[in-house]
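Student: Before we start, here is the structure in question, set down as structure tokens.
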Amino acid sequence: MITPEDTPPHVGADLDQQSSAPMGVAPDDGRMTLEELARVLPIRNIWGLFKAYRGEAPSTAGLAALGLDQFNAAANAQRADPGADPMAAAPPLAPAWKPAPLPDDADEATRAAYAVANQQFQAGEAVAKELAQTAAMARAQDVPTLLNRLLETYSDLGSVFVQLVGAAMAQAQSAPQAGATPAAPASAPQTSSAISVEITASSPVSARALLYAPLGAAPAALPMTRIGGDGVLPAPVVNVGPVIHITIPQDAAPGEYHGIILADEGGAPAGTATVTIASPA
Amino acid sequence: MSAALIDEVLEEYGALTRAAIQPYLRPGQPAKHLHTPMADYPGRGGKMMRPAILMAAASAFGASAADAAELAASLELLHNALLIHDDIEDGSEVRRGAPAMHQTLGLELAINTGDALALTSLRPLTDALPRFGPSIANALTAEMHRMARETAEGQAMELGWRRDRTTALAPEDYLVMVMKKTCWLATIYPCRAGAILAWRQAPPPAAFVNFGFFFGAAFQIYDDILNIEADDRYGKEIGGDIAEGKRTLMLIDLFHRLDDAKRGRLMNLLAAPRAEQDKQDLIWATRKMKELGSLDRARTAARGLVGAACHEFEIAFADAPESRDKAFLRALAPWTLARAA
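Dropping the structure here:
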């Protein structure tokens with residue numbers, strides 16, 4: 000693209016050094032040309048990664064478990080149909096202007112330019128509406144809910160390992176309390192602001208962790224208690240790393256459990272861990 | 000007087016933009032195959048018209064130059080990223096007086112450098128957004144997305160015409176392509192982004208679109224004309240744009256004014272690989288553009304657009320008090336005429 004700024008006033012000065020030809024018609028001039036793809040049907044979901052796509056409509060069974068079947072299957076189905084025109088539903092970029100030579104007078108050329116500007120303004124409005132619909136659809140899908148479903152689905156398989164990065168509050172790291180003795184940097188215990196959670200469960204669960212202070216060298220955790228009930232989960236095991244191991248007993252009552260993460264054994268609270276056990280369907 | 004003012008503002012805002020770009024192009028590894036090439040195009044100069052328009056529009060409406068410089072840096076980085084890819088798509092050999100990047104670095108590394116530069120262009124924007132607040136941040140990112148989309152669509156239109164050997168085009172088709180490919184990046188977005196900074200909210204959808212379009216299109220048409228006329232003036236190789244198959248306003252006009260036999264000759268010329276193009280055909284096509292009045296008609300159309308741009312400027316910038324920045328922006332469209340004289 001030659002743009003106004005990049006073409007100097009003496010535009011012809013470097014023309015003799017430019018080389019170009021219509022795309023796709025000059026394979027023998029040393030330049031790369033675009034070849035047609037052998038496979039025109041895209042693999043659009045994770046299930047397609049593990050098997051060769053043979054032209055059949057993709058299974059949406061796994062996606063249905065995530066509530067994504069309507070979301071992805073429609074797009075895939077359109078592409079899986081060899082007769083479907085993927086652009087059929089797309090609005091035209093511009094009206095079909097009648098091919099014609101340039102007008103002789105400036106007024107007519109300006110009128111044509113205003114017509115283009117008006118048409119483009121209307122097209123821009125249509126695009127804005129289209130994008131707004133896309134955004135609304137994304138909001139309707141509720142991403143956190145989808146992530147929870149994803150976690151729940153995988154936890155059905157037996158265990159799940161999720162890395163959560165919780166940013167410790169900067170103020171907790173940098174602003175000492177009044178009267179506190181600043182720790183010497185050389186002797187300060189190693190701290191971390193990242194945490195991983197590993198869950199072993201036989202029922203659908205989801206988990207999250209939040210750190211609000213740095214962890215020490217040997218973090219620990221207290222037993223997890225259920226809100227609005229008397230359920231108690233065993234104390235999660237916290238390894239140096241740090242990784243929180245949570246084992247969900249088979250007879251654990253559904254509900255949301257909270258536990259405290261300690262910076263060190265017997266130390267101050269540094270964060271919380273939350274596990275949600277879903278009710279049986 | 001206007002030319003001096005334009006030179007002064009371009010130089011001043013260009014220097015501020017270069018200073019704002021510098022922190023994002025620091026040396027790193029791999030140096031030879033990424034970080035040094037990333038700084039290559041931005042270091043080659045250029046008039047910095049886009050960032051200057053953005054900063055002038057922001058200042059004209061009362062925003063701070065410091066805030067505008069970061070947005071201008073983002074725009075200039077994106078522009079340079081697109082240039083790398085455009086040079087590949089156009090098969091260009093020269094950019095700003097030196098070999099195009101893919102000529103020396105190879106296609107793969109040039110594409111990768113362009114990708115990296117495009118993504119880096121987000122950084123000045125994201126660094127500045129926390130200061131601006133969520134409302135301005137949303138407006139700016141939405142505006143940038145719109146600009147990027149329009150630019151890609153315009154480039155696709157032009158490349159598609161060349162790939163499909165399209166000849167049945169109207170002048171309006173060219174104007175739509177130029178509006179998307181050139182004007183959104185070069186003029187419309189800079190004005191709108193500058194206004195967002197000053198107004199602290201998104202401008203109305205149509206604001207600055209007409210001014211940016213008419214000014215940018217006139218500039219591009221004169222550029223296309225110079226591309227043909229400069230051949231004679233400087234005795235360089237004949238018909239660079241024609242050889243590249245670019246559907247300029249003059250070429251579209253010429254298609255419709257040739258008889259069937261001559262139109263066939265022109266189509267064969269455009270379809271031929273450049274190495275196989277007959278120089279006599281290029282000379283003939285250039286001569287026909289002059290003989291049949293295609294060049295004059297394009298010049299007339301551009302003159303009309305300059306007039307429309309001047310009219311639209313007074314509407315778009317009516318609320319801005321008189322200032323050096325407003326005078327600079329007002330002088331841009333007439334400067335197009337002087338530049339082509």
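Protein chains in written order, with numbering that gives the first Met the number 0: chain A, 0 to 280; chain B, 0 to 340. Virtual Cβ for every residue (Gly too), placed ideally from N, Cα, C. Computed from a prediction, not measured in an experiment: that's the story for all the values here.
#1: Per the contact definition of three or more C-beta pairs closer than 8 angstroms, is the region 296-312 of chain B in contact with the region 101-112 of chain A?
#2: State the DSSP-derived secondary structure class of A:G265, mapped to helix, strand or coil.
#3: So, for B:H32: in the same chain, excluding its five sequence neighbours on each side, which residues have a beta-carbon less than 6 angstroms away from its beta-carbon?
#4: Any chance you could list the alpha helix (DSSP H) runs of at least 4 consecutive residues sitting entirely within the region 25-77 of chain B, in chain order?
#5: Could one say the Cβ of B:S73 lies closer than 9 angstroms to chain A's Cβ atoms, at least one of them?
#6: Is it buried or exposed for B:P26, if we count other Cβ within 10 angstroms and need 16 for buried?
#7: Of all the residues that make up the region 232-253 of chain A, which are near chain B by a beta-carbon distance shorter than 9 angstroms?
#8: So, are the CB atoms of B:L328 and B:F213 less than 9 angstroms apart?
#9: Between the region 250-273 of chain B and chain A, which residues of the former have a C-beta closer than 7 angstroms to a C-beta of the latter?
#10: Can you find at least 3 beta carbon pairs, one from the region 267-276 of chain B and one from the region 174-186 of chain B, that sit closer than 8 angstroms?
#11: Can you grab the Cα-Cα spacing for the pair A:W96 / A:A208, in whole Å?
#12: Examine chain A for any beta-carbon lying closer than 9 angstroms to the beta-carbon of B:L118, and answer yes or no.
#13: Measure from the alpha carbon of B:L265 to the alpha carbon of each residue in B:S73, B:G244, B:W198, then state which is nearest.
#14: Within 10 angstroms of the Cβ of B:P189, are there 16 or more other Cβ atoms? Answer buried if so, exposed if not.
#15: What distance in whole Å lies between the Cβ atoms of A:A219 and A:A237, which are believed to be in contact at a cut-off of 8 angstroms?
#16: For A:V196, which option in A:S278, A:G266, A:I243 has the closest C-alpha, if you only look at C-alpha atoms?
#17: Between the region 9-28 of chain B and the region 247-259 of chain A, can you find at least three pairs of beta-carbon atoms closer than 8 angstroms?
#18: Answer yes or no: does any C-beta atom of chain B fall closer than 9 angstroms to that of A:G228?
#19: Can you give me, in chain order, the residues of the region 163-177 of chain B that have a beta carbon less than 7 angstroms from any beta carbon in chain A?
#20: Could you say if the region 105-120 of chain B and the region 84-92 of chain B meet the contact criterion of at least three C-beta pairs nearer than 8 angstroms?
#21: Taking all protein chains shown into account, decide if B:S73 is buried (16 or more other Cβ within 10 angstroms of its Cβ) or exposed.
#22: Can you give the Cα-Cα distance for B:E321 and B:P50, rounded to whole angstroms?
#23: Give the secondary structure of B:S134 by DSSP, where H, G and I count as helix, E and B as strand, and everything else as coil.
#24: Hey, could you find the ends of the beta strand (DSSP E) A:T246 is sitting in?
#25: How would you write the range of the alpha helix (DSSP H) that B:L250 sits in, first residue to last?
#26: Can you confirm whether A:A127, when its beta carbon is compared against all beta carbons of chain B, has any partner nearer than 9 angstroms?
#27: Taking B:K179 and B:T140 to be in contact with their CB atoms under 8 angstroms, please state how far apart those CB atoms are, rounded to whole angstroms.
#28: Going by the DSSP bridge assignment, what does B:T165 pair with across the sheet?
#29: Taking just the CA atoms, how far does A:L214 sit from A:L232?
#30: State the start and end residues of the unbroken alpha helix (DSSP H) segment that holds B:T119.
#31: So who's on the other strand from B:P98, going by DSSP bridges?
#32: Report yes if the CB atom of B:L121 is closer than 9 angstroms to the CB atom of B:M37, and no otherwise.
#33: Would you list, in chain order, the members of the region 194-214 of chain B that have their beta-carbon closer than 8 angstroms to a beta-carbon of chain A?
#34: Given a cut-off of 9 angstroms, decide if A:G123 and B:P204 are closer than it, judged by their beta-carbon atoms.
#35: Among B:A284, B:A2, B:R273, which one has its Cα closest to the Cα of B:L253?
#36: Name, please, each residue of chain A whose Cβ falls closer than 8 angstroms to the Cβ of B:R329.
Tutor: Reading off the structure:
#1: Verdict: yes, contact present.
#2: Collapsing the DSSP output to three states places A:G265 in coil.
#3: Excluding residues within five positions, the ones whose Cβ falls inside 6 angstroms are L108.
#4: Segments of the alpha helix (DSSP H) lying fully in the region 25-77 of chain B: 48-59.
#5: Residue-level contact by beta carbon fails for B:S73 and chain A, as no gap is shorter than 9 angstroms.
#6: Exposed is the call here.
#7: Shown here is that no member of the region 232-253 of chain A has a Cβ falling below 9 angstroms from a Cβ of chain B.
#8: With a cutoff of 9 angstroms on beta-carbon distance, B:L328 and B:F213 are scored as not near each other.
#9: Residues of the region 250-273 of chain B with a Cβ closer than 7 angstroms to any Cβ of chain A, in chain order: D252, H255, R256, L269, A270, P272, R273.
#10: With a cut-off of 8 angstroms, the region 174-186 of chain B and the region 267-276 of chain B do not count as touching, because too few Cβ pairs lie within range.
#11: For A:W96 and A:A208, the distance between alpha carbons rounds to 59 angstroms.
#12: No, no contact with chain A.
#13: If we check each option's Cα against that of B:L265, B:G244 comes out closest.
#14: With 16 or more Cβ atoms within 10 Å of its Cβ, B:P189 is classed as buried.
#15: The sequence shown places Val at residue 237 of chain A, not Ala. Confirmed, Cβ separation roughly 5 angstroms.
#16: Considering only alpha carbons, the answer is A:I243.
#17: No contact exists between the region 247-259 of chain A and the region 9-28 of chain B.
#18: Not an interface residue.
#19: So the close ones are R164, A167, L168, A169, P170, E171, D172, L174, V175.
#20: Put simply, the region 105-120 of chain B touches the region 84-92 of chain B. At least three CB pairs are less than 8 angstroms apart.
#21: Classification for B:S73: buried.
#22: As the crow flies, the alpha-carbon of B:E321 is around 20 angstroms from that of B:P50.
#23: Helix at B:S134.
#24: Segment 242-246, the beta strand (DSSP E) holding A:T246.
#25: Unbroken alpha helix (DSSP H) run through B:L250: 248-256.
#26: So yes, A:A127 belongs to the interface.
#27: So it is not a contact: roughly 20 angstroms between Cβ atoms.
#28: For B:T165, which the question treats as bridged, DSSP gives no partner whatsoever.
#29: Going from the Cα of A:L232 to the Cα of A:L214 covers about 22 angstroms.
#30: Counting along the chain, the alpha helix (DSSP H) containing B:T119 begins and ends at 106-119.
#31: B:P98 pairs with B:V93.
#32: In this structure, B:M37 does not lie closer than 9 angstroms to B:L121 by Cβ.
#33: Result list: P204, A205, V208, N209, F212, F213.
#34: The answer is yes: Cβ separation under 9 angstroms.
#35: Distance from the Cα of B:L253 is smallest, within the candidate group B:A284, B:A2, B:R273, for B:A284.
#36: Per Cβ cutoff of 8 angstroms: no residues; B:R329 is ~17 angstroms from chain A at best.
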